[in-house]
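Working notes, structure below.
In our numbering, the protein residues as written are 259 to 437.
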């Protein structure tokens with residue numbers, strides 16, 4: 259399986275399978291885990307488009323981009339409706355809806371992004387290091403949310419790229435890919 263990263267650079271992977279449920283991808287830095295997620299999301303030309311098969315994807319990137327002058331409630335409401343609110347409350351963000359991104363810690367921004375991506379009505383939910391900026395308690399809460407989504411929506415595919423030992427030790431994956 260190949261991903262065309264640029265006109266002169268192609269990454270090759272073994273044959274990959276993504277069953278319903280949670281697939282965790284791990285491996286050393288620089289091996290192409292984030293590139294794989296970007297290809298699944300349709301950002302790169304690759305053979306992975308046949309795996310996704312025109313199904314909607316939602317991506318939580320490693321570095322989130324927010325509109326600096328717009329409060330979080332407005333940003334999330336204009337893209338994913340109301341479902342994000344209950345997810346954000348579960349992630350401890352009730353008192354931060356009226357704040358601008360610059361007023362939030364990196365961990366709070368990451369939790370808002372997690373609520374946003376989980377609220378997307380996507381068949382494929384792609385996470386790039388979703389717990390990296392979270393302390394142990396919030397990482398545990400995020401892991402519990404992943405498990406809840408898997409149970410409530412058994413036909414969704416969640417693909418999580420991580421180095422986070424807490425997530426790996428939680429053993430929530432249905433499928434593990436080590437690159």
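Heads up, the beta-carbon is just placed ideally off N, CA and C, and yes, glycines get one too. None of these values were measured; they are calculated from a predicted model.
Asked	Found
Which residue marks the beginning of the beta strand (DSSP E) containing residue 317, and which one marks its end?	315-318
With burial defined as no fewer than 16 other Cβ atoms inside 10 Å of the residue's Cβ, what is the status of residue 402: buried or exposed?	exposed
Would you give the residue range spanned by the alpha helix (DSSP H) that residue 366 belongs to?	364-377
From 274, 404, 376, 322, pick the residue whose C-alpha is nearest to that of residue 340; which is it?	376
Which residues does DSSP list as the beta-bridge partners of residue 415?	279, 382
Taking the alpha-carbon of residue 388 as reference, which of 381, 397, 380, 382 has the nearest alpha-carbon?	397
Sort 433, 352, 283 by Cα distance to residue 218 and report the nearest one.	Absent from the model: residue 218. The displayed extent of the chain is 259 to 437, so no value can be given.
Assign residue 386 to one of two classes, buried (16 or more other C-beta atoms within 10 Å of its C-beta) or exposed (fewer than that).	buried
Around the C-beta of residue 288, are 16 or more other C-beta atoms found within 10 angstroms, so that it is buried, or is it exposed?	exposed
In its own chain, which residues sit with a C-beta less than 6 Å from the C-beta of residue 391, not counting the 5 before and 5 after it?	364, 365, 368
What are the partner residues of residue 436, as DSSP defines its beta bridges?	284
Whose C-beta lies closer than 6 Å to the C-beta of residue 314 among residues of the same chain, with five residues either side of it excluded?	380, 381
Three Cβ pairs or more, each shorter than 8 Å: is that satisfied between the stretch 406-420 and the stretch 272-283?	yes
Tell me whether residue 311 sits in a helix, a strand or coil according to DSSP, three-state version.	coil
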